[in-house]
Amino acid sequence: MLLKRSKEEVVLLMLCGLSIPSILPFGIVRLFQGNLLMATVDLLIVLGMLCIMVFVWRTRRVRLAGIAVTVFYSMGMLAAVYVKGVPIAYWVYPTMIAAFFILRAKEALMINSVSLLCLIFILRNAMLLLDLSSLVVTLVLINLFSYIFSDRTSLQHFELNQQAEKDFLTGTGNRRAFDKQLQTICAKDGVQKDVCILILDLDHFKRINDQFGHMVGDQVLIQFCSLLRSRIRTADSFFRYGGEEFVVVAMGIDDIAAARFAEELRALVEKAQLLRDYPVTVSIGVAKKMTGEDGEAWFQRADAKLYEAKLSGRNAVRVAREESV
Numbered sequence: 190m191l192l193k194r195s196k197e198e199v200v201l202l203m204l205c206g207l208s209i210p211s212i213l214p215f216g217i218v219r220l221f222q223g224n225l226l227m228a229t230v231d232l233l234i235v236l237g238m239l240c241i242m243v244f245v246w247r248t249r250r251v252r253l254a255g256i257a258v259t260v261f262y263s264m265g266m267l268a269a270v271y272v273k274g275v276p277i278a279y280w281v282y283p284t285m286i287a288a289f290f291i292l293r294a295k296e297a298l299m300i301n302s303v304s305l306l307c308l309i310f311i312l313r314n315a316m317l318l319l320d321l322s323s324l325v326v327t328l329v330l331i332n333l334f335s336y337i338f339s340d341r342t343s344l345q346h347f348e349l350n351q352q353a354e355k356d357f358l359t360g361t362g363n364r365r366a367f368d369k370q371l372q373t374i375c376a377k378d379g380v381q382k383d384v385c386i387l388i389l390d391l392d393h394f395k396r397i398n399d400q401f402g403h404m405v406g407d408q409v410l411i412q413f414c415s416l417l418r419s420r421i422r423t424a425d426s427f428f429r430y431g432g433e434e435f436v437v438v439a440m441g442i443d444d445i446a447a448a449r450f451a452e453e454l455r456a457l458v459e460k461a462q463l464l465r466d467y468p469v470t471v472s473i474g475v476a477k478k479m480t481g482e483d484g485e486a487w488f489q490r491a492d493a494k495l496y497e498a499k500l501s502g503r504n505a506v507r508v509a510r511e512e513s514v
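Position 64 of the sequence shown, counting from 1, maps to 253 under our numbering, and the rest follow consecutively.
Structure follows, in structure tokens:
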């Protein structure tokens, strides 16, 4: 269904869908009027839009389709201006603005700049210099304003996504970000090798909140995250799964290396004295991603090992060995 598709797909499908009924009547009328050249241009644009709609609907690949739509649209506009001259020039405005809805700002600006140069060449002898200059200046301004708006909107969208995927207290990735990471890894199953997740849970954290208060507990969580960031690699990802439970996604290491890594983290927390005169320790469950395993099953294996570490007395590491799966 259309509602389940990405924003980029919806925009592209709507643009093509609106273009077809907007251009098709002109093509039919011109065909009956005997204006075969312009009718051919209109009908080719309609056919191209229809093909792109089918391609996007079936493959959901919007990147290539977006470039194709913009280039095809621009070429159709230039062909129409070349055939009919100045009266068709007003189609340039919606064509160039549409590019910024489909492509990244820099890509749209580059394609529109090439189109503008071609347009100047086509109309150089068909318009007075002052009229042509006015047309060019307005198109340049439209492109600059559209570029600024598109670029700022993309930046704000990126920043909002970043904020939506961060834990407000610790600054780590949140559960939404973790689920997204898991989906990405599982989608590359068979390509990405040796990935492990470490589930870390601070031992008896409720006692800290009960004895010292939630503000102190929050400071312990903040210091804990700062401590772990100082040790995990740039290739690894760190998330707060919920409460005092955290997850590290360790890339490029097998279960043996992940066990050593988890033991280092456990020892690091034990020695750090996150709370003065009060021991703070962590239990860790580790599991390596198996081929063909989905994210939920992978997480459950690591979570089972965390539970085992808790049962063994806490402040421990337990690993789901490959041969035991």
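Glycine residues also receive a C-beta, built at the ideal position from the N, C-alpha and C atoms.
Predicted model, so just to flag it, every value in this text is computed and none were measured.
Across the structure, ILE473 and GLU497 are spaced so that their CA atoms are roughly 9 Å apart. CA-CA distance, PHE244 to PHE261, rounds to 14 Å. If you ignore the 5 residues before and after LEU213, its C-beta comes within less than 7 Å of the C-beta of VAL235, all in its own chain and listed in chain order. If one requires a minimum length of 4 residues, the alpha helix (DSSP H) runs lying completely within the segment 295-367 are 318-353, in chain order.
Counting along the chain, ALA509 sits inside the beta strand (DSSP E) bounded by residues 506-509. Between the segment 321-336 and the segment 299-309 there are three or more inter-stretch CB-CB distances shorter than 8 Å, so the stretches are counted as touching.
In the assembly as shown, PHE367 is a buried residue. Its beta-carbon has 16 or more other beta-carbons within 10 Å.
When only Cα atoms are considered, LEU358 and GLN352 end up about 12 Å apart. The beta carbons of ALA228 and LEU220 sit closer together than 8 Å. In the same chain as ALA461, and ignoring 5 residues on each side of it, the C-beta atoms closer than 6 Å to its own belong to LEU416, in chain order. In the DSSP annotation of this structure, the continuous segment of the alpha helix (DSSP H) that includes ALA288 starts and ends at 281-291. Note that the C-beta distance between ALA439 and VAL508 is not below 8 Å. Sequence-distant partners of ASN398 (beyond 5 residues in either direction) whose C-beta falls short of 6 Å from its own C-beta, in its chain, are GLY406.
Apart from sequence neighbours up to five positions away, the residues of its chain that approach ALA288 with a beta-carbon distance below 7 Å are THR259, ALA297, ILE300, ASN301, ordered along the chain.
Annotated as proximal: TRP280 and MET266, with beta-carbon spacing under 8 Å. Within its own chain, the residues whose Cβ lies closer than 7 Å to the Cβ of ASN363, once the five positions on either side in sequence are excluded, are GLU354, LYS355, ASP356, PHE428, ARG429, listed in chain order. In the structure shown, ARG249 falls within a coil segment according to DSSP collapsed to helix, strand and coil. In the assembly as shown, SER419 is an exposed residue. Its beta-carbon has fewer than 16 other beta-carbons within 10 Å.
Annotated as proximal: VAL469 and VAL409, with beta-carbon spacing under 8 Å. In this chain, the alpha helix (DSSP H) harbouring LYS499 covers 484-500. Listed as beta-bridge partners of ARG422 by DSSP are no residues whatsoever.
In the DSSP assignment, the residues bridged to PHE427 are VAL437.
DSSP places ASP390 outside any alpha helix (DSSP H); the residue lies instead in the beta strand (DSSP E), whose first and last residues are 384-391. Going by DSSP, VAL458 is part of the alpha helix (DSSP H) stretching over 444-461. Shortest Cα-Cα distance from LEU371 to any of PHE488, SER195, ASN504 involves PHE488. About 6 Å separates the beta carbons of ILE421 and VAL437, which is inside the 8 Å limit, making them a contact pair. Its chain contains GLY265 as the residues whose beta carbon lies nearer than 8 Å to that of LEU233, once the 5 sequence neighbours on both sides are disregarded; these appear in chain order. Of all alpha-carbon atoms in VAL303, GLY360, GLY206, the one lying nearest the alpha-carbon of ILE241 is that of GLY206. In the DSSP annotation of this structure, SER195 is not part of any alpha helix (DSSP H), being labelled neither H nor E. Only residues of its own chain outside the window of five on either side were considered, and among them ASP390 have a CB closer than 6 Å to the CB of GLU434, listed in chain order.
By the 16-neighbour rule on beta-carbons within 10 angstroms, PHE334 is exposed. When secondary structure is reduced to three states using DSSP, LYS395 falls in the helix class. Between PHE290 and VAL199, the C-beta gap is not smaller than 8 Å, which leaves the two residues out of contact. Rounded to whole angstroms, the gap between the alpha carbons of ARG465 and SER195 is 50 Å.
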